[in-house]
Each structure stands twice: as C-alpha cells, then as structure tokens.
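Everything on this sheet refers to the single structure shown next.
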Amino acid sequence: MESDLESAVEELMQERGVVGVICTNQEGLALTVDGSASEVHAGLVSGIAQEARKLFPEIDLSPIVVLESDTCNLLIRSHEGTTTGVFKVPS
22 MESDLESAVE ELMQERGVVG VICTNQEGLA LTVDGSASEV HAGLVSGIAQ
72 EARKLFPEID LSPIVVLESD TCNLLIRSHE GTTTGVFKVP S
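Counting the sequence shown from 1 gives a position; my numbering is that position plus 21.
As structure tokens, then:
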C-alpha cells in the first residue's frame, strides 16, 4: 500500500500548480510528504478533515475542505482512513 500511496503522491505533484502533498492516517500521523508540505502539517490536516465531517454527519462522503490565501490554497479530503492535503499555488 505504501508504494501505491507514494506513486499517487508523485502523480499529484506533477499536476499543474501543485507544490506539496501530505497524506495522514486517522490518528494524524504523516504517511507520506512531498514538496512544500511538512510532517508538522499532519495533525492539522487530519484534524480539519475530522471537524468538517462533524458539520455534515448525515452525508456518507467526506467533505472537501478548501483553505485559500493569496499565496497558497490547501485542499483536504479523507477517504478510506487516509486524509490527503494538496497545497497549490492560486491560479
């Protein structure tokens, strides 16, 4: 599974505007990190995804959270026990 995850992160890093990717487990521990993402972000990314799920408890799918700033956008989503954060430059 780890090599599949790392391959997926490598593919994401090739997407236009992507500058960093982090994947965490349900406990907020970093599984893989690339680019400008840091292991320091792991707990925060996981926690944001968990809090977002509380806003929509009736929905089976995990919401996608988008944080925007002038210099970077962060997209967060959980799926099957893994939370992914994608750091992108604004377009």
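Think of the CB as a built atom: it goes at the ideal place given N, C-alpha and C, for glycine as much as any other residue.
> What is the DSSP secondary structure of G68, reduced to helix, strand or coil?
Replying inline: Here the question's residue 68 lines up with position 47 in the sequence shown. Of the three classes helix, strand and coil, the one that applies to G68 here is helix, per DSSP.
> Which ranges would you report for the beta strand (DSSP E) in the stretch 30-112 if only whole runs of at least 3 residues count?
Replying inline: Unbroken beta strand (DSSP E) stretches of 3 residues or longer found wholly inside the stretch 30-112: 39-45, 51-56, 86-89, 94-100 and 103-109, given in chain order.
> Under the rule that 16 or more other beta-carbon atoms within 10 Å means buried, what is F108, buried or exposed?
Replying inline: Against the sequence shown, residue 108 aligns to sequence position 87. Per the 10 Å Cβ criterion, buried.
> Should G102 and A58 be called a contact, given that it needs their Cβ atoms to be closer than 8 angstroms?
Replying inline: Taking the first residue of the sequence shown as position 1, residue 102 is located at position 81. Taking the first residue of the sequence shown as position 1, residue 58 is located at position 37. At the C-beta level, G102 and A58 stay beyond 8 angstroms of one another.
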